[in-house]
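S.K.:
Number of protein chains: 2
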Amino acid sequence: MRLYNSAVSGNCYKVRLLAAQLGLPLELVEMDVLDRSDRPEVLGGLNPALRVPTLVLDDGRALGESGAILCYLAEGTPFLPDDRYQRAQVLQWLFFEQYDLEPNIAVARFWLAVSGTPERWAAELPAKQEAGYRTLAAMERHLAEHAFLVGERCTVADIALYGYTNVAEEGGFELGRFPAVEAWLARVAAQPGHIAIDG
Amino acid sequence: MRLYNSAVSGNCYKVRLLAAQLGLPLELVEMDVLDRSDRPEVLGGLNPALRVPTLVLDDGRALGESGAILCYLAEGTPFLPDDRYQRAQVLQWLFFEQYDLEPNIAVARFWLAVSGTPERWAAELPAKQEAGYRTLAAMERHLAEHAFLVGERCTVADIALYGYTNVAEEGGFELGRFPAVEAWLARVAAQPGHIAIDG
Numbered sequence: 265m266r267l268y269n270s271a272v273s274g275n276c277y278k279v280r281l282l283a284a285q286l287g288l289p290l291e292l293v294e295m296d297v298l299d300r301s302d303r304p305e306v307l308g309g310l311n312p313a314l315r316v317p318t319l320v321l322d323d324g325r326a327l328g329e330s331g332a333i334l335c336y337l338a339e340g341t342p343f344l345p346d347d348r349y350q351r352a353q354v355l356q357w358l359f360f361e362q363y364d365l366e367p368n369i370a371v372a373r374f375w376l377a378v379s380g381t382p383e384r385w386a387a388e389l390p391a392k393q394e395a396g397y398r399t400l401a402a403m404e405r406h407l408a409e410h411a412f413l414v415g416e417r418c419t420v421a422d423i424a425l426y427g428y429t430n431v432a433e434e435g436g437f438e439l440g441r442f443p444a445v446e447a448w449l450a451r452v453a454a455q456p457g458h459i460a461i462d463g
Numbered sequence: 265m266r267l268y269n270s271a272v273s274g275n276c277y278k279v280r281l282l283a284a285q286l287g288l289p290l291e292l293v294e295m296d297v298l299d300r301s302d303r304p305e306v307l308g309g310l311n312p313a314l315r316v317p318t319l320v321l322d323d324g325r326a327l328g329e330s331g332a333i334l335c336y337l338a339e340g341t342p343f344l345p346d347d348r349y350q351r352a353q354v355l356q357w358l359f360f361e362q363y364d365l366e367p368n369i370a371v372a373r374f375w376l377a378v379s380g381t382p383e384r385w386a387a388e389l390p391a392k393q394e395a396g397y398r399t400l401a402a403m404e405r406h407l408a409e410h411a412f413l414v415g416e417r418c419t420v421a422d423i424a425l426y427g428y429t430n431v432a433e434e435g436g437f438e439l440g441r442f443p444a445v446e447a448w449l450a451r452v453a454a455q456p457g458h459i460a461i462d463g
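Going down the list, the protein sequences come from chains V and W.
Heads up, the first sequence is in our numbering, so the first residue is 265 and it goes up one at a time.
Heads up, the second sequence is in our numbering, so the first residue is 265 and it goes up one at a time.
(1) If you measure between the beta carbons of V:ALA421 and V:TRP375, is that distance less than 8 Å?
(2) In chain V, which residues lie with their C-beta within 9 Å of the C-beta of W:ARG348?
(3) Does any residue of chain V have a CB that is nearer than 8 Å to the CB of W:ARG325?
(4) Going along chain W, which residues have a C-beta under 8 Å from V:ARG405?
(5) So V:ALA395 packs on V:ASN368, CB below 8 Å; how close in whole Å?
(6) Quick check: is any heavy atom of the ligand ZN less than 7 Å from the C-beta of W:ALA460?
(7) For V:GLY415, which of V:GLY380, V:LEU327, V:VAL320 and V:ASP347 has the nearest alpha-carbon?
(8) Looking at the C-beta of W:GLU383, does it have a partner C-beta in chain V at a distance below 8 Å?
(9) Taking DSSP's pairing of strands, which residues face W:LEU319 in a bridge?
(10) In chain order, what residues of the same chain have a beta carbon less than 7 Å from the beta carbon of V:ALA439, not counting five sequence neighbours either side?
(11) Which stretch, first to last residue, makes up the alpha helix (DSSP H) that contains V:LEU389?
(12) Going by the beta-carbon positions, is the gap between V:TYR277 and V:THR318 smaller than 8 Å?
(13) Please report how far the alpha carbon of V:GLN362 lies from the alpha carbon of W:ALA313, in whole angstroms.
(14) Hey, could you find the ends of the beta strand (DSSP E) W:GLU294 is sitting in?
(15) Between the alpha carbons of W:LEU288 and V:PHE360, how many angstroms are there, rounded?
(16) For V:VAL414, which three-state DSSP category applies?
(17) Can you give me the C-alpha to C-alpha distance between V:PRO345 and V:LEU355, rounded to a whole angstrom?
(18) Just the C-alpha distance for W:HIS458 and V:PHE437, rounded to the nearest angstrom, thanks.
(19) Assign V:GLN455 to one of three DSSP states: helix, strand, or coil.
(20) In its own chain, which residues sit with a C-beta less than 8 Å from the C-beta of V:ASP296, not counting the 5 before and 5 after it?
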């Protein structure tokens with residue numbers, strides 16, 4: 265399978281992390297996250313959003329959106345529960361990640377650590393950090409009572425939320441305020457086959 | 265089942281629309297989308313994001329995020345394909361909706377038609393409209409070649425994207441520029457059991 269990838273993107277890292285844990289080899293095609301001018305040419309016809317990650321299966325069929333790719337790869341493995349309600353809970357956390365976590369924590373990190381022009385976003389940063397801290401507080405409340413997000417075992421929900429939470433400090437977030445989140449990060453990182461975002 | 269609902273929310277409408285098409289009765293509990301002060305008390309313990317829609321099943325278990333609720337309710341029905349790749353394509357569009365469509369088209373509509381203070385958002389509106397038009401253009405490219413988003417039949421992907429696209433003009437978007445999107449809206453609205461957002 266071919267993965268249109270960015271080494272710095274937490275969304276792409278989620279896919280690489282699950283693939284590593286499942287022992288699935290990926291051919292990586294690196295895309296620029298600053299200069300996106302080649303995206304219509306490269307990703308047109310593969311992903312309506314023209315974003316990475318985009319996965320191309322062995323038979324040439326393509327799939328976009330990290331959450332959809334995670335669910336596709338995890339089908340039939342312990343990373344996606346068979347139980348209908350637990351599977352829906354996994355999806356709940358995947359949507360929470362894309363709506364609450366990624367647009368705040370990942371974007372703050374992009375501005376501060378990736379864009380090369382952090383000063384350009386100074387006026388917008390406080391709102392992102394406030395919303396990002398609300399997201400971390402919601403995770404903290406849940407993880408104070410659960411070892412993993414769903415079903416007390418590691419699923420693609422954990423992999424998806426780990427993707428950007430583990431680099432949240434690059435977005436200026438102090439994870440020390442969230443001990444249950446920090447303990448959960450360590451549990452996810454201790455899973456067999458774990459790789460780091462730059463590993 | 266009990267649905268914590270807002271009559272003006274397209275996210276809640278998606279759930280009501282699928283339930284109507286599946287003949288599932290819902291007990292609606294109306295929540296305020298402007299004054300959200302009661303949300304921790306009412307939705308705490310039910311939905312980590314403290315948002316509507318939140319569905320409570322007959323046995324008391326709860327589920328948040330419109331995309332997760334749609335997939336849960338559609339399981340085993342023609343609205344969620346059995347085929348692994350098609351199901352992943354449905355998820356791709358559900359994530360696209362929550363990342364590209366909802367934060368732009370729904371938010372522009374909220375500012376202009378729901379908030380009561382449209383002037384407060386005047387400076388931020390052009391960016392939302394530009395991103396919303398990009399989203400509609402991506403849908404137009406796909407729908408110019410397909411009757412429905414996935415598998416040439418109506419799935420929860422269509423229901424999810426219909427939710428806010430059908431009221432996009434309330435957000436200042438001219439749908440006349442997107443004839444394939446308009447034809448698809450009419451196809452979705454012609455499905456058996458269809459209800460309007462205020463119906």
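Ideal Cβ positions, reconstructed from N, Cα and C, are used throughout, including at glycine.
Here the structure is a predicted model, which means the values were calculated and not measured.
M.R.: Let me spell this out:
(1) Within the first sequence, the letter at position 157 stands for residue 421 of chain V. Within the first sequence, the letter at position 111 stands for residue 375 of chain V. Cβ atoms of V:ALA421 and V:TRP375: not closer than 8 Å.
(2) Taking the second sequence and counting its residues from 1, one reaches residue 348 of chain W at position 84. Simply TYR336, GLU339 and GLY340.
(3) As a position in the second sequence, residue 325 of chain W is number 61, starting the count at 1. At least one CB of chain V lies nearer than 8 Å to the CB of W:ARG325.
(4) Counted from its first residue, the first sequence places residue 405 of chain V at position 141. Residues of chain W whose Cβ lies closer than 8 Å to the Cβ of V:ARG405 are, in chain order, PRO312.
(5) Locating residue 395 of chain V in the first sequence gives position 131, counting from the first residue. Locating residue 368 of chain V in the first sequence gives position 104, counting from the first residue. Correct: roughly 4 Å between the Cβ atoms.
(6) Only the bare structure without any ligand can be found here, which leaves the ligand ZN out of the picture.
(7) Looking up residue 415 of chain V in the first sequence gives position 151. It is V:ASP347 whose Cα lies nearest to the Cα of V:GLY415.
(8) Mapped onto the second sequence, residue 383 of chain W falls at position 119. Taking Cβ atoms only, chain V never reaches closer than 8 Å to W:GLU383, which makes this a no.
(9) Residue 319 of chain W sits at position 55 when you count from the first residue of the second sequence. BP columns for W:LEU319 point to W:LEU267 and W:LEU327.
(10) Along the first sequence, read from residue 1 onward, the residue named residue 439 of chain V stands at position 175. First, the amino acid is wrong: residue 439 of chain V is Leu here, not Ala. If we look at V:LEU439 and ignore the five residues flanking it on each side, its Cβ neighbours are ALA432, GLU433, VAL445 and GLU446.
(11) Residue mapping note: residue 389 of chain V aligns to position 125 of the first sequence, counting from 1. Counting along the chain, the alpha helix (DSSP H) containing V:LEU389 begins and ends at 389-407.
(12) Here residue 277 of chain V is taken as the residue at index 13 of the first sequence, counted from 1. Here residue 318 of chain V is taken as the residue at index 54 of the first sequence, counted from 1. Against a cut-off of 8 Å, the Cβ pair of V:THR318 and V:TYR277 comes out as no contact.
(13) As a first step, residue 362 of chain V must be located in the first sequence, where it is residue number 98. As a first step, residue 313 of chain W must be located in the second sequence, where it is residue number 49. Rounded to whole angstroms, V:GLN362 to W:ALA313 spans 12 Å at the Cα level.
(14) As a working note, residue 294 of chain W is residue 30 in the second sequence. Annotation: the continuous beta strand (DSSP E) that includes W:GLU294 extends over 291-294.
(15) Here residue 288 of chain W is taken as the residue at index 24 of the second sequence, counted from 1. Here residue 360 of chain V is taken as the residue at index 96 of the first sequence, counted from 1. Cα to Cα, the separation comes out at about 25 Å.
(16) The sequence position of residue 414 of chain V within the first sequence is 150, counting from 1. If DSSP states are grouped into helix, strand and coil, V:VAL414 belongs with the strands.
(17) If you number the first sequence from 1, residue 345 of chain V lands on position 81. If you number the first sequence from 1, residue 355 of chain V lands on position 91. The alpha-carbon atoms of V:PRO345 and V:LEU355 are separated by roughly 11 Å.
(18) Position 194 of the second sequence, counted from the first residue, corresponds to residue 458 of chain W. Position 173 of the first sequence, counted from the first residue, corresponds to residue 437 of chain V. The straight-line gap from Cα to Cα measures roughly 45 Å.
(19) Stepping through the first sequence from its first residue, residue 455 of chain V is reached at position 191. Of the three classes helix, strand and coil, the one that applies to V:GLN455 here is coil, per DSSP.
(20) Here residue 296 of chain V refers to the residue found at position 32 of the first sequence. So the qualifying residues of the chain are SER270 and ASP302.
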